[in-house]
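One structure below.
2 protein chains.
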Amino acid sequence: MIRIDERISKSELTYDWIRERIIGREFNPGYRLVLGAIAKELGISVVPVREAVRRLEAEGLVEFERNVGARVAMVNSVEYIDTMQTLGVLEGAATALALPQMSQEDIDRAQSINDSMRAMLESFDPVVFTSLNEKFHRALFHRCPNPHIAELADRGWNRMAGLRSSTFSFVPERAPRSVQEHDEILRLIREHAEPMEIEMAVRQHKWRTVEAYREQGHHAVPSPATAR
Amino acid sequence: MIRIDERISKSELTYDWIRERIIGREFNPGYRLVLGAIAKELGISVVPVREAVRRLEAEGLVEFERNVGARVAMVNSVEYIDTMQTLGVLEGAATALALPQMSQEDIDRAQSINDSMRAMLESFDPVVFTSLNEKFHRALFHRCPNPHIAELADRGWNRMAGLRSSTFSFVPERAPRSVQEHDEILRLIREHAEPMEIEMAVRQHKWRTVEAYREQGHHAVPSPATAR
DNA sequence: GTATCCCAGATCGTATACGGTATGTGATGC
DNA sequence: GCATCACATACCGTATACGATCTGGGATAC
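Here is the structure:
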């Protein structure tokens, strides 16, 4: 019997509720998440709200200070760069591991997403473009047989979404190049290139975006690549 | 003035308390963590205990089932293999990124740890050996300038500790080879080999351990063994 | 006018309480 | 003797309550 019930706990509902609002930019970075206020808004008590917030904290979407409260994680260039760098490593590995499980349809789907991206290079909308970009990459690694890596990559993307509504608002000039690199990755996959080569293509693709962002100089902060 | 206070929340204390016991094998995999019982043991209420348990769940040390409760994550071969594989990726990358920050003392310290490991190959104690092994690897990547990767690698090691008190209890025959590979990694670092080469050496080192474990066939047991 | 102190409001951290769900056990019917 | 059902128990999920801590602003001293 299918449980129509399938009831989900209030803390989980709250978790989704807050998270949606962070990802959807309704709650901007720095927005203060007051437990009592959210509880009243949702018509529940503060306990499940608290639990939801702590979970979001564990995933890096929210910052918490003892006896002060929670706020949506701040836009911070260093964080952004670190997250992108980490995601490059994870997603590269996840994609390489997913290769044996990848079907022709998976590849076709990714290709069609990338075609959509190319099509919109003319009338460029950074937010939509960024969202398609995420879809493209998820399509490539979602078959990853190692659930740990897949989940970490997933969290990485969520965190990114929280930190920046749109990567390509900051480095629009990278968009054409990015589409090109996507094609290149798909080509490597189709031609059954060495998994390591594909992994590095994916990683470098992300790292080049970081480079572009860094050179753009949106941040006064020096790169971690300091001299010994 | 330094706050002698520096009071830490009860939920945090509880988190540490439980975690110590899991890592220290006082709570074995499958051990049931009853909120009320722990609360009474520590003389506090269940609320902070609950929070601590959820945090441990987020890190994978504990499994939680709605309306049933929490138990220490089960020894599960698949989980173990996945975790090791992920850790190989993360630690390889973290080590490579740490290279520019690495001092001569760091390298010497790692070398001396490995020497201790070699020394104990004769009278082999898997638990101590595994612990030294962890120290060795942490010594190599702890300078990693990207805190995200470092933290993920850190969590990976903790998770491993929870899943297996000692890797080398299961594949003792790999110990000598492992020491050798450590030397090789140190050699590459000293000779300023390509970061990528070092990253792959670290990754492959871990993956070979997984291979050894897998071939050993210990994992005939899917082991949650509840099968009501 | 500036710095310090103190108080009030806001918000968190934790305790206690209670209803809901799952699990095991003994009674009942066959 | 076996399967089924009902009930008791254990434990979780959430609500409510209250003391603790932080923050900001106004009063006071100089």
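Those protein sequences? They're chains A and B, same order as listed.
FYI, in the numbering used here the residues of the first sequence are 307 to 534.
FYI, in the numbering used here the residues of the second sequence are 307 to 534.
We put the beta carbon where it would ideally sit given N, CA and C, even for glycine.
*Would you mind reading off the limits of the alpha helix (DSSP H) that contains F447(A)?*
Indexing the first sequence from 1 puts residue 447(A) at position 141. Counting along the chain, the alpha helix (DSSP H) containing F447(A) begins and ends at 432-447.
*asked:* Against chain A, with Cβ distances strictly below 8 Å, would D388(B) count as a contact?
replied: Here residue 388(B) refers to the residue found at position 82 of the second sequence. Chain A contact via Cβ: present.
*List, in order along the chain, the chain A residues whose C-beta lies closer than 9 Å to that of E517(B)?*
Mapped onto the second sequence, residue 517(B) falls at position 211. Within chain A, no residue comes near E517(B); the closest Cβ sits about 15 Å away, beyond 9 Å.
*Helix or strand or just coil, what does DSSP make of R309(A)?*
As a first step, residue 309(A) must be located in the first sequence, where it is residue number 3. For R309(A), the predicted structure reports a pLDDT of 40, less than 50, and the residue's modelled location is therefore unreliable. The matter cannot be settled from this model.
*Which of the three DSSP states, helix, strand or coil, is assigned to E371(B)?*
In the second sequence, residue 371(B) corresponds to position 65, counting from 1. Three-state DSSP puts E371(B) in a strand.
_Tell me the rounded alpha-carbon separation between F435(B) and E521(A)._
Mapped onto the second sequence, residue 435(B) falls at position 129. Mapped onto the first sequence, residue 521(A) falls at position 215. F435(B) and E521(A): Cα-Cα distance of roughly 46 Å.
*Could you tell me whether the region 341-359 of chain A touches the region 493-504 of chain A, using the rule of 3 or more Cβ pairs below 8 Å?*
no
*Against chain B: residues of the region 311-335 of chain A by CB proximity under 7 Å*: S315
_Contact between the region 335-342 of chain B and the region 323-335 of chain A (3+ Cβ pairs under 8 Å)_ = no
*If we cut at 8 Å on Cβ distances, does H511(A) have a partner in chain B?*
Position 205 of the first sequence holds residue 511(A). No - not a single Cβ of chain B is within 8 Å of the one on H511(A).
*Starting from S484(A) and walking both ways along the alpha helix (DSSP H), at which residues does that stretch end?*
Taking the first residue of the first sequence as 1, we reach residue 484(A) at position 178. It spans 481-496 - the alpha helix (DSSP H) in which S484(A) sits, taken as one unbroken run.
*Apart from the five residues on each side of it in sequence, which residues of its chain come closer than 7 Å, Cβ to Cβ, to A416(B)?*
Position 110 of the second sequence holds residue 416(B). F442, A445, L446, L492, listed in sequence order.
*May I ask which residues mark the beginning and end of the alpha helix (DSSP H) holding N420(A)?*
Locating residue 420(A) in the first sequence gives position 114, counting from the first residue. Residues 410-425.
*Taking Cβ-Cβ distances shorter than 7 Å, what residues in chain A pair up with H454(B)?*
Within the second sequence, the letter at position 148 stands for residue 454(B). Within chain A, the residues near H454(B) are D388, T389, T392.
*asked:* Give me the chain B residues within the contact set of E357(A), using Cβ-Cβ distance strictly less than 8 Å, ordered along the chain.
replied: The residue you call residue 357(A) lines up with position 51 of the first sequence. Near E357(A) (Cβ distances below 8 Å), the residues of chain B are R356, E357, R360.
_Contacts that R372(B) makes with chain A (C-beta to C-beta distance below 7 Å)_ = Within the second sequence, the letter at position 66 stands for residue 372(B). Ordered by position in chain A, the residues that pass the 7 Å Cβ test against R372(B) are S315.
*Which residue's Cα is closest to the Cα of P478(A): V378(A), A343(A), L427(A)?*
Within the first sequence, the letter at position 172 stands for residue 478(A). The option with the nearest alpha carbon to P478(A) is L427(A).
*Out of I350(B), N373(B), R377(B), P501(B), point me to the one whose CA is closest to E363(B)'s CA.*
The residue given as residue 363(B) occupies position 57 in the second sequence. The shortest C-alpha separation from E363(B) is found at R377(B).
_Starting from I314(B), trace the alpha helix (DSSP H) in both directions and tell me its first and last residue._
Counted from its first residue, the second sequence places residue 314(B) at position 8. Here I314(B) belongs to no alpha helix (DSSP H), and DSSP marks it neither H nor E.
*Check whether the region 455-463 of chain A touches the region 497-516 of chain A, counting contact only when three or more Cβ pairs, one atom from each stretch, lie closer than 8 Å.*
no
*asked:* Tell me the DSSP secondary structure of A499(A) in three-state form.
replied: In the first sequence, the residue the question calls residue 499(A) occupies position 193. Here A499(A) sits in coil by DSSP.
*From Q410(B) to V384(B), what distance separates their C-alpha atoms?*
One-based indexing of the second sequence puts residue 410(B) at position 104. One-based indexing of the second sequence puts residue 384(B) at position 78. Those two C-alpha atoms are separated by around 38 Å.
_With a threshold of 8 Å between beta carbons, is A416(B) in contact with chain A?_
Position 110 of the second sequence, counted from the first residue, corresponds to residue 416(B). Cβ-Cβ to chain A under 8 Å: no for A416(B).
_Unbroken alpha helix (DSSP H) run spanning R356(B), endpoints_ = The residue given as residue 356(B) occupies position 50 in the second sequence. Here the alpha helix (DSSP H) through R356(B) covers 352-364.
*If we ignore side chains and look at the alpha-carbon of each, how far apart do M466(B) and P482(A) end up?*
Against the second sequence, residue 466(B) aligns to sequence position 160. Against the first sequence, residue 482(A) aligns to sequence position 176. C-alpha separation (whole angstroms): 42 Å.
*Among residues of its own chain, excluding the 5 on either side of P354(B), which ones have a beta-carbon nearer than 6 Å to its beta-carbon?*
The residue you call residue 354(B) lines up with position 48 of the second sequence. Cβ within range, chain order: K316, S317, T320.
*For my contact list, L348(B) and W323(B) are in at a C-beta cut-off of 8 Å; report their separation, rounded to the angstrom.*
Against the second sequence, residue 348(B) aligns to sequence position 42. Against the second sequence, residue 323(B) aligns to sequence position 17. Indeed they touch by this definition, with Cβ atoms about 7 Å apart.
*Give a yes or no on whether 8 Å exceeds the smallest Cβ distance from V395(A) to chain B.*
Along the first sequence, read from residue 1 onward, the residue named residue 395(A) stands at position 89. Closer than 8 Å to some Cβ of chain B, the Cβ of V395(A) qualifies, so yes.
*Measure the Cβ-Cβ separation of H454(B) and T392(A) and say whether it is below 8 Å.*
Here residue 454(B) is taken as the residue at index 148 of the second sequence, counted from 1. Here residue 392(A) is taken as the residue at index 86 of the first sequence, counted from 1. Yes, Cβ-Cβ distance for H454(B) and T392(A) is below 8 Å.
*Of the choices Y386(B), V395(B), A343(B), whose alpha-carbon is the least far from that of G375(B)?*
Translated into the one-based positions of the second sequence, residue 375(B) becomes position 69. Nearest C-alpha to G375(B): A343(B).
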